[in-house]
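Same order as they appear, the protein sequences are chains A and B.
Residue 232 in my numbering is what sits at position 231 of the first sequence, and the numbering runs on without skipping anything.
Residue 25 in my numbering is what sits at position 24 of the second sequence, and the numbering runs on without skipping anything.
2 protein chains.
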Amino acid sequence: MRNTAKHAAEEEPHTRLRRNSGRVTLRDVADHLGISQISVSRYFQDPERVSGSLRERIAQAVAQLGYVPNLVAGGLASAHSRVIGMVIPNISGPIFAATIQSFSDAVTAHGYQLLLASSYFSGEQEENAVRGLLGWSPAALVLTSHFHTQATEAMLARTSVPVIETWDYQARRKPWQVGFSHPEVGRMAARHLLERGYRRIAFVQNSAAGDFSALERRDGFAEVMREHGREPRFHVPQEAQPAHAGREALFALLDGPDPADAIVFANDNLASGALLAAQRAGIAVPQRVALMGFGDFPFSEMLTPGLTTIRPPARQMGVLAAELIFARLDAVQAGKERAGAVRRPKALACELIVREST
Amino acid sequence: MRNTAKHAAEEEPHTRLRRNSGRVTLRDVADHLGISQISVSRYFQDPERVSGSLRERIAQAVAQLGYVPNLVAGGLASAHSRVIGMVIPNISGPIFAATIQSFSDAVTAHGYQLLLASSYFSGEQEENAVRGLLGWSPAALVLTSHFHTQATEAMLARTSVPVIETWDYQARRKPWQVGFSHPEVGRMAARHLLERGYRRIAFVQNSAAGDFSALERRDGFAEVMREHGREPRFHVPQEAQPAHAGREALFALLDGPDPADAIVFANDNLASGALLAAQRAGIAVPQRVALMGFGDFPFSEMLTPGLTTIRPPARQMGVLAAELIFARLDAVQAGKERAGAVRRPKALACELIVREST
DNA sequence: TTGTACGCGTTATCAT
DNA sequence: ATGATAACGCGTACAA
Numbered sequence: 002m003r004n005t006a007k008h009a010a011e012e013e014p015h016t017r018l019r020r021n022s023g024r025v026t027l028r029d030v031a032d033h034l035g036i037s038q039i040s041v042s043r044y045f046q047d048p049e050r051v052s053g054s055l056r057e058r059i060a061q062a063v064a065q066l067g068y069v070p071n072l073v074a075g076g077l078a079s080a081h082s083r084v085i086g087m088v089i090p091n092i093s094g095p096i097f098a099a100t101i102q103s104f105s106d107a108v109t110a111h112g113y114q115l116l117l118a119s120s121y122f123s124g125e126q127e128e129n130a131v132r133g134l135l136g137w138s139p140a141a142l143v144l145t146s147h148f149h150t151q152a153t154e155a156m157l158a159r160t161s162v163p164v165i166e167t168w169d170y171q172a173r174r175k176p177w178q179v180g181f182s183h184p185e186v187g188r189m190a191a192r193h194l195l196e197r198g199y200r201r202i203a204f205v206q207n208s209a210a211g212d213f214s215a216l217e218r219r220d221g222f223a224e225v226m227r228e229h230g231r232e233p234r235f236h237v238p239q240e241a242q243p244a245h246a247g248r249e250a251l252f253a254l255l256d257g258p259d260p261a262d263a264i265v266f267a268n269d270n271l272a273s274g275a276l277l278a279a280q281r282a283g284i285a286v287p288q289r290v291a292l293m294g295f296g297d298f299p300f301s302e303m304l305t306p307g308l309t310t311i312r313p314p315a316r317q318m319g320v321l322a323a324e325l326i327f328a329r330l331d332a333v334q335a336g337k338e339r340a341g342a343v344r345r346p347k348a349l350a351c352e353l354i355v356r357e358s359t
Numbered sequence: 002m003r004n005t006a007k008h009a010a011e012e013e014p015h016t017r018l019r020r021n022s023g024r025v026t027l028r029d030v031a032d033h034l035g036i037s038q039i040s041v042s043r044y045f046q047d048p049e050r051v052s053g054s055l056r057e058r059i060a061q062a063v064a065q066l067g068y069v070p071n072l073v074a075g076g077l078a079s080a081h082s083r084v085i086g087m088v089i090p091n092i093s094g095p096i097f098a099a100t101i102q103s104f105s106d107a108v109t110a111h112g113y114q115l116l117l118a119s120s121y122f123s124g125e126q127e128e129n130a131v132r133g134l135l136g137w138s139p140a141a142l143v144l145t146s147h148f149h150t151q152a153t154e155a156m157l158a159r160t161s162v163p164v165i166e167t168w169d170y171q172a173r174r175k176p177w178q179v180g181f182s183h184p185e186v187g188r189m190a191a192r193h194l195l196e197r198g199y200r201r202i203a204f205v206q207n208s209a210a211g212d213f214s215a216l217e218r219r220d221g222f223a224e225v226m227r228e229h230g231r232e233p234r235f236h237v238p239q240e241a242q243p244a245h246a247g248r249e250a251l252f253a254l255l256d257g258p259d260p261a262d263a264i265v266f267a268n269d270n271l272a273s274g275a276l277l278a279a280q281r282a283g284i285a286v287p288q289r290v291a292l293m294g295f296g297d298f299p300f301s302e303m304l305t306p307g308l309t310t311i312r313p314p315a316r317q318m319g320v321l322a323a324e325l326i327f328a329r330l331d332a333v334q335a336g337k338e339r340a341g342a343v344r345r346p347k348a349l350a351c352e353l354i355v356r357e358s359t
């Protein structure tokens, strides 16, 4: 068939050179069969919309010509793409892995694709990511927590793309949130250690300065401590690498005349670093100092002693976020009637996992 | 300013209803300033291409109107999008994490975006992912290893999108590869254990049936064993979950009259599962049986005893793949002259990490 | 440096 | 059930 400057000279009077990217288009398939583009288009949108005989011929032509639908063109024409954007502080790493995974699976199952970006707990990076993702007119946008720059908030306020936030929960916030309460996590940790009889308890912050959710956990922890008449202690690591930061915190908090008898870490990475350092230094856990983390990362149960931690509903958040998004998309597609049927989710719960380290 | 049916009635004689998605466009910015679209377009492509005074006015209008460039339209017009597709067997999970991370960072640093899909070691899922990703006319496509379905290979052969494969190395394959030799990994493992004096050595396959690279490692292992006059042993786990599969393999291989004295696992997930099971069952490692894995996952050094393993150049593969892609893109942009300057990469090396488990 | 004209490949709309 | 035509919003080519 025509290959360069295809379908140019025949119908147009003022034939300039067309730009034609060289890829097989809907039109090539249609011309090949002597039918119109729109029939082929319909075949891809919903094969039932063309007659059975045509369906077979199109399928064959598509295979023969190696046609791959151009989603960019489709997205432009229909003003919405089958892409969903997601911004996560850390793509790799155990923290968000289960959420990404479950969300990604749901997205794929619905025939959508995932545009993924990491912010590294930086507002600026998140802002750039959001701008870029919105440029693709995604069907939805998923962010992590409610801490954004002003410019990001402005973009969110202006866009018509539905936005959902995960790993956080506030009942009244404008973007619906799928997650749990961070202060409550801090409270759980404090209560657990107080119940166990520990009294000189410290909280170790994340070395990533932008992890504001970790500070919310810290505040929840401090609140319960004070309610029980115990002054909470804190440590802010200087070391950047989590394992080193955990080690640093351990030694700092055991040093001096009034050493801590229990330490809550902002996450399991820090906690496991401390646990290993304790093991190597011959510091008995939990006899001399109890350690606990947050996240229940896969290795936390493999350590000796096993790490007590708080397990967030990581998988569930991805699943629920996807359900919410597709319910909303379906509702819009089905007309406004059922749009009200999609309900704001409730807060999810975290689970205290008690192992040997406390 | 005009909001619905904007810029419709004025210039077109046969004014039908325009479709207009409602978002702020380049044209809105241009109209706002009384200049042409193309000047605003140039501003976004390269601010240096418009005069300083105009530059400031445009910047202000963009901020005021909240314009976000429509990458879909831009992609269609220019026939290439600033998106890079990546298909990885497992997005989350420790195996490919470092590769994804380093690649993602490089992509972001170049102002591109990452469209990520997982195949779960399934050829069919990979095929769907590739089709979907190619639909976005990505600037490049990154796959994992060389095992694809015929349909996938056909798409790769036909597309003009540059393709790179990672986590694999074959010097002559058509898509350039950025990675290492899997058989060599298997050979390294066998040599290490034989040197240590182990003789009844078994290899445990991955419970994920589609992980063909793991079979290449197995074959390299078997080759060296036979060279040394030792018959290799194998175990194929039935359990799906890696930790359980590792446990199952451990007990199966220690059972019977001629138990294994060393076991190589397809990856660290399996190996650590076995290590923990051994610990709980009071099986001395490495005295009664030595264990080693592949991957050097973050927790492998945290186990007691530390897990001997082979560390792939995970980070480096992501970095190198990105370098290759952007060098190629730059070369194309700069004209064909320098296109030859981009050289096929050499094989990367894995590193044997000896800890206490062997 | 700035502007005009038009195509990129698809889908929405209207017509048969 | 199928077709004709005009958008979608931007970048390329060419002109001034």
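Beta carbons are placed, not taken as given, at the ideal position from N, Cα and C, and that holds for glycine.
Buried versus exposed, by CB contacts within 10 Å (16 or more), residue i
| i | result |
| --- | --- |
| B:Ala350 | exposed |
| B:His149 | buried |
| B:Pro287 | buried |
| B:Thr5 | Residue placement at B:Thr5 is poorly supported in this model, since its pLDDT is 32, which falls under 50; the coordinates are not used for a value here. |
| A:His33 | buried |
| A:Ile361 | The requested residue 361 of chain A does not occur in the structure, where chain A is confined to residues 2 to 359. |
| A:Thr178 | Contrary to the premise, residue 178 of chain A reads as Gln rather than Thr in this sequence. When all chains shown are included, A:Gln178 counts as buried. |
| B:Val63 | buried |
| A:Glu217 | buried |
| B:Arg344 | exposed |
| B:Gln65 | exposed |
| A:Ala210 | exposed |
| A:Gln114 | buried |
| A:Ile39 | exposed |
Bridge partner(s) assigned by DSSP for residue i
| i | result |
| --- | --- |
| B:Ala141 | B:Ile85 |
| B:Thr167 | B:Thr145, B:Val179 |
| B:Glu352 | B:Arg312 |
| B:Ile202 | B:Ala263 |
Range covered by the beta strand (DSSP E) that runs through residue i
| i | result |
| --- | --- |
| A:Leu115 | 114-119 |
| B:Arg312 | 310-312 |
| A:Met293 | 291-293 |
| A:Pro234 | It is Arg, not Pro, that sits at residue 234 of chain A in the sequence shown. Residues 234-236. |
Residue range of the alpha helix (DSSP H) that includes residue i
| i | result |
| --- | --- |
| B:Leu27 | 27-34 |
| A:Ala62 | 53-66 |
| B:Ile92 | First-last for B:Ile92: undefined, no H or E at that position. |
| B:His245 | 243-255 |
| B:Ala209 | Here B:Ala209 belongs to no alpha helix (DSSP H), and DSSP marks it neither H nor E. |
| B:Asp269 | 269-282 |
| A:Gln38 | 38-46 |
| B:Thr359 | First-last for B:Thr359: undefined, no H or E at that position. |
| A:Phe375 | With chain A covering only 2 through 359, there is no way to say anything about residue 375 of chain A. |
| A:Thr153 | 151-159 |
| A:Leu135 | 124-135 |
| A:Pro76 | This sequence places Gly at residue 76 of chain A; Pro is not what is there. Here the alpha helix (DSSP H) through A:Gly76 covers 72-79. |
Heavy atom of the ligand SAH within 8 Å of residue i beta-carbon
| i | result |
| --- | --- |
| B:Pro70 | In the structure shown, the ligand SAH is absent, as is every other ligand, since no ligand is present at all. |
Say whether the region 66-81 of chain A touches the region 30-45 of chain A, bearing in mind that this needs 3 or more beta-carbon pairs closer than 8 Å, one atom from each stretch.
yes
At a cut of 8 Å, does the region 128-136 of chain A reach the region 129-144 of chain B through at least three beta carbon pairs?
no
Does the contact criterion of 3 or more C-beta pairs under 8 Å hold for the region 158-166 of chain B versus the region 226-246 of chain B?
no
Check each residue of the region 55-75 of chain B: if its Cβ is closer than 7 Å to any Cβ of chain A, include it; give the result in chain order.
Gly67, Val69, Pro70, Asn71, Leu72, Val73, Ala74
Output, in sequence order along the chain, the residues in the region 126-153 of chain A whose CB is closer than 7 Å to any CB in chain B.
Arg132, Gly133, Leu135, Gly136, Trp137, Ser138
For the region 302-336 of chain A, which residues have a beta carbon sitting closer than 7 Å to at least one beta carbon of chain B?
Met303, Leu304, Thr305
Using a Cβ-Cβ cut-off of less than 7 Å, list which residues of the region 72-96 of chain A approach chain B; keep chain order.
Leu72, Val73, Ala74, Gly76, Leu77, Ala80, Ser82, Ile92, Ser93, Gly94
Closer than 8 Å, Cβ to any Cβ of chain B: which residues of the region 156-180 of chain A, in chain order?
Met156, Arg159, Thr160, Ser161
Is the number of C-beta pairs between the region 240-251 of chain A and the region 169-189 of chain A that are closer than 8 Å three or more?
no
What residues from the region 234-255 of chain A come within 7 Å of chain B, judged by C-beta to C-beta, listed N to C?
none
Determine, using beta-carbon pairs with one atom in the region 304-317 of chain A and one in the region 85-93 of chain A, whether at least three such pairs fall under 8 Å.
no
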